[in-house]
Amino acid sequence: MEIWTVANLKGGVGKTTTAVSLGGLLAAWGFRTLMVDIDAHASLSAYFGYDPDQLELSCYDLFLATTERRTIDIRQLIFSTNTPRLDLIPATTALAGLDRQSGRLNGLGLVLKRAFPALEGSYDYILIDCPPVLGILLINALAACDRLIIPVQTEFLALKGLERMMRTMDMVLRVRQSPLRHTIVPTYFDPRSRSSIDSLAELRRMYDAHLWKGHIPADNRLRDASRSGVPPAFFDPRSRAVVAYTDLLETLRRESPNSPVAPSRIYPPAVS
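Quick note: the sequence shown uses our numbering, first residue -7, plus one each step.
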């Protein structure tokens, strides 16, 4: 089972879109995939039609159980989606208060890392969608994952956010017992925009060793898929963005020595 975290300390760079796109592709290819929303804004949960203010159970309950010194079965928190082989642990707005509690409680930084082994054998991949804030939730995701995926919008302010993200990752690496592979993914690239072109060139200059060689184009079909609550790979598998995310996923799997073996049958995405 591979665990991938999608994170950046700047909002609006395509974190949830990247998580949904990769998760949908993995499911389309036949992999059992679990998506975990740990962002109090709950964009990933809302994508699949779950109202964060109406849920009785969510990933918050994992942290609540730790604060109350009790155990909870993570499998109780898993919800289905309208996509075969793609499940979700949703978020609620209660997550926003965790950082206020973390200072007086031990063990909140490893909640996800301790919970995920119970899912071994049930899923091939777990994808974590993170908040754009350095706090206990992001630390959890970085401690638990095998790979970090950092979407970066190809514009100037997003590059500044990437600098903060890299400093955060370096800090976490000091306490991790294993290295963390990371891949920077340029998003929302528009070849007609000088800002996009210059920002992509700057990414290549500064981060070439960890930069994915492709880019995710700006594509309105991603918004259309979101409005429909369907992963892009199932909504429009021929769209430019899905083609790019397919290339990204193939690259990530090649670079991951412990990637689950592909199912005996690869399920092609459905045509919307």
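In this text, a Cβ means the ideal position worked out from N, Cα and C, and glycines have one as well. Predicted model only: the values in this text are computed from it and were never measured.
Handout entry: Where Ser114 falls: helix, strand or coil (DSSP)
Key = Position 122 of the sequence shown holds residue 114. Three-state result, Ser114: coil.
Practice task
Within its chain, find whatever has a CB closer than 8 Å to the CB of Pro171; leave out the 5 residues flanking it on each side and keep chain order.
Solution key: Indexing the sequence shown from 1 puts residue 171 at position 179. The answer, listed in chain order, is Leu165.
Handout entry: Residue of Val234, Phe226 and Arg215 minimising C-alpha distance to Gly206
Key = To locate residue 206, count along the sequence shown from 1; it is residue 214. It is Val234.
Practice task
Taking only beta-carbon positions, decide if Ser191 is within less than 7 Å of chain B.
Solution key: In the structure shown, chain B does not exist; there is a single protein chain.
Handout entry: Same chain only: Cβ atoms within 8 Å of Ser248, ignoring 5 sequence neighbours per side
Key = What you label residue 248 is simply residue 256 of the sequence shown in a count that begins at 1. For Ser248, where only same-chain residues beyond five positions count, the Cβ hits under 8 Å are Glu(-6), Asp138, Arg139 and Arg173.
Exercise for the section: Identify every run of the beta strand (DSSP E) within the region 164 to 242, keeping only runs that are complete inside it and at least 3 residues long; order them along the chain. Expected result: 173 to 179
Practice task
Give the DSSP bridge partners of Pro143, in chain order.
Solution key: Residue mapping note: residue 143 aligns to position 151 of the sequence shown, counting from 1. Answer by DSSP bridge pairing, in chain order: Val177.
Handout entry: Cα-Cα separation, Tyr117 to Lys2
Key = Sequence index remark: in the sequence shown, residue 117 carries index 125 (1-based). Sequence index remark: in the sequence shown, residue 2 carries index 10 (1-based). Approximately 25 Å between the Cα atoms of the pair.
Handout entry: Touching by the beta-carbon criterion (3+ pairs, under 8 Å), the region 123 to 142 and the region 38 to 47
Key = Verdict: no, contact absent.
Exercise for the section: Quick one: which unbroken beta strand (DSSP E) runs of 3-plus residues sit fully inside the region 45 to 106? Chain order, please. Expected result: 78 to 81
Handout entry: Residue span of the beta strand (DSSP E) that contains Val(-2), given as start and end
Key = For the purposes of this step, residue -2 is taken as residue 6 along the sequence shown, with counting starting at 1. Element bounds for Val(-2): Glu(-6) to Val(-2).
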